[in-house]
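See below for the structure under consideration.
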Amino acid sequence: MSNKKLILGIAAGAAVLAGAAVVLSRKRSQKKYEARIEEAKSNFRGKLNELQRKAQKEYKNASSETGEIVNAAKDRAAEWVKASRA
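Heads up, the sequence shown is in the working numbering, so the first residue is 1401 and it goes up one at a time.
This is the structure we're talking about:
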């Protein structure tokens, strides 16, 4: 009878250790997953900031170019008016 109890005790202990190993494995996996998520979020934020800077730069360049184009068109229109009066 004591051999049976010993075997059951060993089996129960092995089951508890296996359960603990599964729980620890899941926690480690979750921590790795969370770390990867944080890294991805950080990379994404960096890329968004870079895109925002580029877009602002393009907007500033486009607005100055638009001003130059409008001024050039205004000058041409003024020249045409002068030419038509002459």
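Heads up, the beta-carbon is just placed ideally off N, CA and C, and yes, glycines get one too.
Same chain, Cβ closer than 6 Å to residue i, five either side skipped, listed in chain order
i	result
Glu1468	none
Ser1442	none
Rounded straight-line distance, which links the Cα of residue j to that of residue i
i	j	result
Ser1425	Gly1409	24 Å
Lys1473	Ser1463	Sequence check: residue 1473 is Ala here, not Lys. Roughly 15 Å between the two C-alpha positions.
Asn1403	Ala1418	22 Å
Ala1435	Asn1471	54 Å
Val1416	Gln1430	21 Å
Glu1479	Lys1460	29 Å
Ala1455	Arg1428	40 Å
Val1481	Asp1475	10 Å
Cβ-based neighbour list, residue i, same chain, cut-off 7 Å, excluding 5 preceding and 5 following
i	result
Ala1420	none
Glu1465	none
Contact with chain D by residue i, beta-carbon distance below 9 Å
i	result
Val1423	Checking the listed chains, one finds no chain D in this structure; it contains a single protein chain.
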